[in-house]
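K.L.:
Residue numbers (the numbering used here): 1088 to 1563.
Where is the CB? At the ideal position from N, CA and C, for every residue including glycine.
Computed from a predicted model, the values in this text were never measured in an experiment.
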Amino acid sequence: MDYGYLTLVAPILTLAVAIATRKVPLAMLVGIFTGQLIICGWNPFAAINESVNGILSVCADTGNLKTFLFTALMGAFVILVRISGGVKGFVNYLTEQSKRVKSPRMAMLIAYVIGIIIFIDGLLSIMFTGVVTRPLIDKFKVSREKLAYICDATSAPVNAIIPLNSWGAMLMGLISAEIASGYIQGEPMNLLIRSLPFQFYSILSLLFVLFYIVTGKDWGPMKKAELRVRNTGKLYDDGVTPLLNDNDGFEELVEEGKENKWNMMFPLITLIGGAFIGLLVTGGGNLAAGDGTTAILYSVVITLLIMCVMYTKQGIMTAKEFGDSVMKGVSSMMGLVILLVLSFSIGGVIKGMGTGQFLASLLGDSIDGAFCPAIIFLMGALMAFCTGTSWGTFSIMMPIAVPMAVAMNGNILLTIGAVVSGGIFGDHCSPLSDTTILSSMSVGTDLYSHVKTQLPYALVTAVCTAALYIAFGLIL
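Put into structure tokens, the structure is as follows:
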């Protein structure tokens, strides 16, 4: 059924309620019910039933369930590396023993580098960067909003630019479909690699993050957050409740001065190494074809088992205490897991209403070929912002953008880059996105604070990106 402009009601209302109340779970529930109300012909009882069924179906999906389990177990990981003295030992090593980190700039650069080198999975990149660098960021009085921006603005762009992961496999699949349809010719891998220089948003995002880190020239809400931490020491704005707070109710079990950095570093190395191996195994030796969620879930389970052996052998805790800590860590993540469930649910409702296809249909066919990439970038951004998914945007926009570019004699490589850039930009700005939610959680701040401080930076990057697509569209 074609719902026309009604497809926009649910996402717009969700965003409006989220901004007005700052209660994202409530906003998502409102959006889910509103979408189902439209789908069910304005029958409120049927809408309630379908809303509940939709949420339950999200929980029943195996792929989603793996993501939720991984997220919950990462809560246990975060708690354990702190109470074992690993976090404090790591911070002391970098700041007091080796003297390698002496400034806020260096602490942020470490987060930036980690965000780049963990290119195998966006969610793992965000979680890893947040866990490792948050203690350093706090020590040098850098706002957690700034760290959330660094995590969010490096994960997806790096995954797209270095396509040796599930991102690359998915994008090559979409390009292959266009080749099979006869719109373009060539090899999918070759076309994807040649389009990488035209992923302007990803490239500019990485450059802008580095600029703000090196120069310290923050502005807007981000500058206010930086001044708050620097002048008052407050980690959050008044009234803010972080998505994950690993400090309340969890005391370190290691005596002062006996903290060991390896209680954090070895588990982290195991986690990353296990994820790489898992991708190779699930992909039959092909890293790009591996199942990211399965690999990461197995990796974190194995890592927790190794941590149990490490900590009990050192006498830090008994096996029972370890189990209790795991359960406390998992329970601390339940709020985030619920948020992810609602995020996936509203994404399903929006997809069922055909919001993405409707937005794409607004492109029309009266656009000059030179401006086609810029228009595709902006439409993809709007679609990703409303739906909260970059992958869904790629899947919808690629079959539309490539034939459009062919018909208008536009540049195919520039068009592919515009599809990817638009999806990533819209996903960065959307409070419905799982990466936005996880970035807030991993650094210990709330979703509203992260979106509010990151949005102006993302918009500036997007304006520069659109200008580049216009310029290159006219030149190529």
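Just to confirm before moving on: does the CB-CB distance between Leu1322 and Arg1192 stay below 8 Å?
P.N.:
In this structure, Arg1192 does not lie closer than 8 Å to Leu1322 by Cβ.
K.L.:
Okay, do the segment 1503–1511 and the segment 1275–1294 touch, 3+ Cβ pairs below 8 Å being the bar?
P.N.:
Output reads yes: the segment 1275–1294 touches the segment 1503–1511.
K.L.:
Is DSSP giving Phe1227 helix, strand or coil here?
P.N.:
Coil, per DSSP.
K.L.:
Which of the three DSSP states is assigned to Gln1123 in this structure?
P.N.:
Reduced to three states, the DSSP call for Gln1123 is helix.
K.L.:
Assuming Leu1465 is part of the alpha helix (DSSP H), what are its boundary residues?
P.N.:
Run containing Leu1465: 1459–1474, per the alpha helix (DSSP H) assignment.
K.L.:
Is the segment 1393–1407 touching the segment 1421–1433, taking contact as three or more C-beta pairs under 8 Å?
P.N.:
Because the criterion of three Cβ pairs below 8 Å is not met, the segment 1393–1407 and the segment 1421–1433 do not touch.
K.L.:
What do you get for Gly1416, buried or exposed, if any count of 16 or more other CB atoms within 10 angstroms of its CB means buried?
P.N.:
It counts as buried.
K.L.:
Give me the Cα-Cα distance between Phe1120 and Ser1138, rounded to the nearest whole angstrom.
P.N.:
Each residue's Cα considered, the two are about 6 Å apart.
K.L.:
What does the alpha-carbon distance come out to for the pair Met1352 and Tyr1556?
P.N.:
Answer to the nearest angstrom: the Cα atoms are 42 Å apart.
K.L.:
For Gly1217, tell me which candidate among Tyr1270, Trp1254, Met1161 has the shortest Cα-Cα distance.
P.N.:
Answer by Cα proximity: Met1161.
K.L.:
Give the secondary structure of Leu1340 by DSSP, where H, G and I count as helix, E and B as strand, and everything else as coil.
P.N.:
Looking at Leu1340 - three-state DSSP - the assignment turns out to be coil, as it is neither helix nor strand.
K.L.:
Kindly indicate which three-state DSSP category Met1352 falls into: helix, strand or coil?
P.N.:
In the structure shown, Met1352 sits in a helix (DSSP, three-state: H, G or I).
K.L.:
Around the Cβ of Thr1302, are there at least 16 other Cβ atoms within 10 angstroms (buried) or fewer (exposed)?
P.N.:
By the 10 Å Cβ count, Thr1302 comes out exposed.
K.L.:
Skipping 5 residues on each side, what residues in its chain have a beta carbon closer than 7 Å to that of Ala1247?
P.N.:
For Ala1247, where only same-chain residues beyond five positions count, the Cβ hits under 7 Å are Trp1254, Gln1286, Ser1289, Val1507, Ile1511.
K.L.:
What runs of the alpha helix (DSSP H), each 4 residues or longer, lie entirely inside the segment 1115–1161?
P.N.:
Fully enclosed alpha helix (DSSP H) runs of 4 or longer: 1131–1147.
K.L.:
Kindly confirm or deny that the segment 1194–1203 and the segment 1211–1229 touch, where touching means at least three C-beta pairs closer than 8 Å.
P.N.:
Taking 8 Å as the limit for Cβ pairs, the verdict is that the segment 1211–1229 does touch the segment 1194–1203.
K.L.:
Where does Pro1191 fall in DSSP's three states?
P.N.:
Helix at Pro1191.
K.L.:
Where does the unbroken alpha helix (DSSP H) through Gln1541 begin, and where does it stop?
P.N.:
Unbroken alpha helix (DSSP H) run through Gln1541: 1534–1562.
K.L.:
Note the first and the last residue of the continuous alpha helix (DSSP H) segment covering Lys1311.
P.N.:
Unbroken alpha helix (DSSP H) run through Lys1311: 1307–1319.
K.L.:
Excluding the 5 residues preceding and the 5 following Gly1141 in the sequence, name in chain order all residues of the same chain whose CB lies nearer than 8 Å to its CB.
P.N.:
For Gly1141, where only same-chain residues beyond five positions count, the Cβ hits under 8 Å are Ile1119, Gln1123, Ser1432, Gly1435, Val1436.
K.L.:
Can you find the residues in the same chain that come closer than 8 Å, C-beta to C-beta, to Asp1324, ignoring five residues on each side of it along the sequence?
P.N.:
Counting only Cβ-Cβ distances below 8 Å, and skipping sequence neighbours, we find Ala1312, Arg1315, Ser1536.
K.L.:
Under 8 Å between the Cβ atoms of Ala1567 and Ile1463?
P.N.:
Here the chain has residues from 1088 to 1563 only, and residue 1567 is not among them.
K.L.:
Out of Ile1237, Ile1364, Phe1177, which has the shortest C-alpha to C-alpha gap to Gly1202?
P.N.:
Answer by Cα proximity: Ile1237.
K.L.:
Can you grab the Cα-Cα spacing for the pair Leu1366 / Leu1258, in whole Å?
P.N.:
Their Cα atoms are separated by approximately 17 Å.
K.L.:
Between which two residues does the alpha helix (DSSP H) containing Val1174 stretch?
P.N.:
Looking at the DSSP string, the run of the alpha helix (DSSP H) that includes Val1174 is 1173–1179.
K.L.:
Going by alpha carbons, who is nearest to Asn1496 out of Gly1260, Met1466, Pro1460, Ala1558?
P.N.:
Checked all of Gly1260, Met1466, Pro1460, Ala1558; the closest Cα to Asn1496 is Pro1460.
K.L.:
For Tyr1299, report the span of its alpha helix (DSSP H) as first-last.
P.N.:
That run of the alpha helix (DSSP H) goes 1287–1302.
K.L.:
Measure the alpha-carbon distance for Asp1411 versus Ile1166 and round it to whole angstroms.
P.N.:
Going by the C-alpha atoms only, they are around 11 Å apart.
K.L.:
Suppose the cutoff is 7 Å on Cβ atoms and the five residues either side in sequence are ignored; what does the same chain contact list for Phe1295 look like?
P.N.:
The residues are Tyr1544, Thr1548.
K.L.:
Quick one: Cα of Leu1561 to Cα of Val1145, how far?
P.N.:
Each residue's Cα considered, the two are about 44 Å apart.
K.L.:
Might you give, ordered along the chain, the residues of its own chain that have their beta carbon closer than 8 Å to the beta carbon of Phe1157, omitting 5 neighbours on each side?
P.N.:
Leu1210, Thr1380, Ile1383, Leu1384, Val1387.
K.L.:
Below 8 Å between beta carbons: does that hold for Thr1149 and Phe1445?
P.N.:
For Thr1149 and Phe1445, no; Cβs fall outside 8 Å.
K.L.:
Go to Tyr1044, then tell me how far its alpha helix (DSSP H) extends in each direction, as first and last residue.
P.N.:
Summary: the structure shown does not reach residue 1044, with the chain confined to residues 1088 through 1563, and so no result is reported for it.
K.L.:
Quick check: what's the CA-CA separation for Thr1540 versus Pro1308?
P.N.:
Their backbone Cα atoms lie some 5 Å apart in a straight line.
K.L.:
The alpha helix (DSSP H) that contains Ser1527, what's its start and end?
P.N.:
Its alpha helix (DSSP H) spans residues 1521–1530.
K.L.:
Excluding sequence positions up to five away, which residues of its chain have a Cβ less than 6 Å from the Cβ of Gly1176?
P.N.:
Here the set comprises Glu1346, Asn1347, Lys1348.
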